[in-house]
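Engineer: Chains as they are written, first to last, in the numbering used here: chain H, 1 to 109; chain E, 110 to 226. The structure that follows is given in the form of structure tokens.
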Amino acid sequence: GDSVTQMEGPVTLSEEAFLTINCTYTATGYPSLFWYVQYPGEGLQLLLKATKADDKGSNKGFEATYRKETTSFHLEKGSVQVSDSAVYFCALTSNQFYFGTGTSLTVIP
Amino acid sequence: ETGVTQTPRHLVMGMTNKKSLKCEQHLGHNAMYWYKQSAKKPLELMFVYSLEERVENNSVPSRFSPECPNSSHLFLHLHTLQPEDSALYLCASSQARQAQKINSPLHFGNGTRLTVT
């Protein structure tokens, strides 16, 4: 069946460091891919999405490219801020949504 | 109000109580969902109402009972819960283009933190 695998955390970075959170997927057909972010005490918020191969989703300095050849959708940001501290979820949808287990990011000043 | 609103934000209940969680969406969506979020586990889809059809996860215990009176409101009725049911319960909505073919993003509420004592 369809599934999403993302790197386990927690991840701790200094402010202005480069961020990569790996995500790979297994799916039949052509899923849409998403990154969601969850700040403490809140629900999940859509961060970015890509609906077909080679699409790049971007928002708030975060980017992820839909790579069909490597079945990946890695999240990147060039310079993280303390306010980026949150849990990040990779997800795909085909006939239903499948979420990864989440990666906790802490950015220290 | 806009978005997806869940009430209450926090709920503590005993194992013999009956309570209900409420969700309301103001986005004009036609699909609504209940998810369970437990520490160190993937999000668990509990129930889906999409285009007025209900889709269930057959592994969800019968002590959880959903109700969707219209496309904007969703309830989760709780009865004789167990301590392991303590979790964050998230409601979400989306725009489904056809039954069980869901490509548009989910919009989540802030959740109800449930503690069963």
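For each residue, glycine too, the CB sits at the ideal point set by N, CA and C. Since the model is a prediction, treat every value here as computed from it, not as a measurement.
With DSSP as the reference, label glutamate 162 of chain E as helix, strand or coil.
Structural biologist: Strand, per DSSP.
Engineer: For glycine 43 of chain H, go through chain E and note every residue whose CB falls closer than 7 Å to its CB, in chain order.
Structural biologist: Near glycine 43 of chain H (Cβ distances below 7 Å), the residues of chain E are Leu199, Phe217, Gly218, Asn219 and Gly220.
Engineer: How is the beta strand (DSSP E) around leucine 92 of chain H delimited, first residue to last?
Structural biologist: Segment 86-93, the beta strand (DSSP E) holding leucine 92 of chain H.
Engineer: Chain H beta carbons: is any one of them nearer than 8 Å to that of leucine 223 of chain E?
Structural biologist: Chain H contact via Cβ: absent.
Engineer: Which two residues bound the contiguous beta strand (DSSP E) that contains leucine 46 of chain H?
Structural biologist: That run of the beta strand (DSSP E) goes 44-50.
Engineer: Any idea what DSSP makes of proline 175 of chain E, helix, strand or coil?
Structural biologist: Of the three classes helix, strand and coil, the one that applies to proline 175 of chain E here is strand, per DSSP.
Engineer: From the DSSP output, in three-state form, read off glutamate 8 of chain H for me.
Structural biologist: Coil at glutamate 8 of chain H, not helix or strand.
Engineer: Would you mind telling me which residues of chain H sit closer than 7 Å to proline 214 of chain E, beta carbon to beta carbon, in chain order?
Structural biologist: Going along chain H in sequence order, the residues near proline 214 of chain E (Cβ under 7 Å) are Phe34, Leu46 and Lys49.
Engineer: So what does DSSP say about serine 83 of chain H, is it helix, strand or coil?
Structural biologist: The answer is helix: DSSP assigns serine 83 of chain H an H, G or I state.
Engineer: Among the candidates E:Leu152, E:Lys127 and E:Glu162, whose CA atom is the shortest distance from the CA of methionine 141 of chain E?
Structural biologist: Nearest of E:Leu152, E:Lys127 and E:Glu162 to methionine 141 of chain E, Cα basis: E:Glu162.
Engineer: Could you say which of E:Ala148, E:Tyr144, E:Phe217 and E:Lys149 lies nearest to valine 157 of chain E if we only look at CA atoms?
Structural biologist: That would be E:Tyr144, whose Cα lies nearest to the Cα of valine 157 of chain E.
Engineer: Do you know how far the Cα of aspartate 84 of chain H is from the Cα of threonine 106 of chain H?
Structural biologist: Computed Cα separation, rounded: 8 Å.
Engineer: From alanine 208 of chain E to leucine 160 of chain E, what does the alpha carbon distance come to, in whole angstroms?
Structural biologist: Because alanine 208 of chain E carries a pLDDT of 48, less than 50, the predicted location of this residue cannot be relied on, and no value is offered for it.
Engineer: Taking a cut of 9 Å between CB atoms, which residues from the segment 93-108 of chain H lie near chain E?
Structural biologist: Listed by position along the chain: Thr93, Ser94, Asn95, Gln96, Phe97, Tyr98, Phe99, Gly100, Thr101 and Gly102.
Engineer: For threonine 28 of chain H, which residues of its own chain have a beta-carbon under 8 Å away from its beta-carbon, when the five flanking residues on both sides are left out?
Structural biologist: Excluding sequence neighbours, threonine 28 of chain H sits near Asp2 and Ser94.
Engineer: Which chain H residues are close to leucine 154 of chain E, counting only those with a beta carbon under 8 Å from its beta carbon?
Structural biologist: Correct list: Gln96 and Phe97.
Engineer: Output the distance between the C-alpha atoms of valine 169 of chain E and leucine 183 of chain E, rounded to the nearest integer angstrom.
Structural biologist: Whole-angstrom Cα-Cα distance: 17 Å.
Engineer: To the nearest angstrom, how far is it from the Cα of arginine 138 of chain E to the Cα of asparagine 179 of chain E?
Structural biologist: It should be noted that the sequence gives histidine, not arginine, for residue 138 of chain E. When rounded, the distance between both Cα atoms is 11 Å.
Engineer: Can you check which of these residues, E:Thr116, E:His186, E:Ser147 and E:Val164, is closest to glutamate 193 of chain E by C-alpha distance?
Structural biologist: Nearest of E:Thr116, E:His186, E:Ser147 and E:Val164 to glutamate 193 of chain E, Cα basis: E:Ser147.
Engineer: Identify which residue in H:Asp55, H:Gly61, H:Leu19 and H:Tyr66 has its Cα closest to the Cα of leucine 47 of chain H.
Structural biologist: Taking only the C-alpha atoms, the option nearest leucine 47 of chain H is H:Gly61.
Engineer: Thinking C-alpha only, which one of E:Thr221, E:Ser213, E:Ser174 and E:Gly112 is nearest leucine 199 of chain E?
Structural biologist: Ranking E:Thr221, E:Ser213, E:Ser174 and E:Gly112 by Cα distance to leucine 199 of chain E puts E:Thr221 first.
Engineer: Tell me which residues share the same chain as serine 171 of chain E and place their Cβ nearer than 6 Å to its Cβ, disregarding the 5 neighbours each side in the sequence.
Structural biologist: Same-chain partners within the cutoff: there are none.
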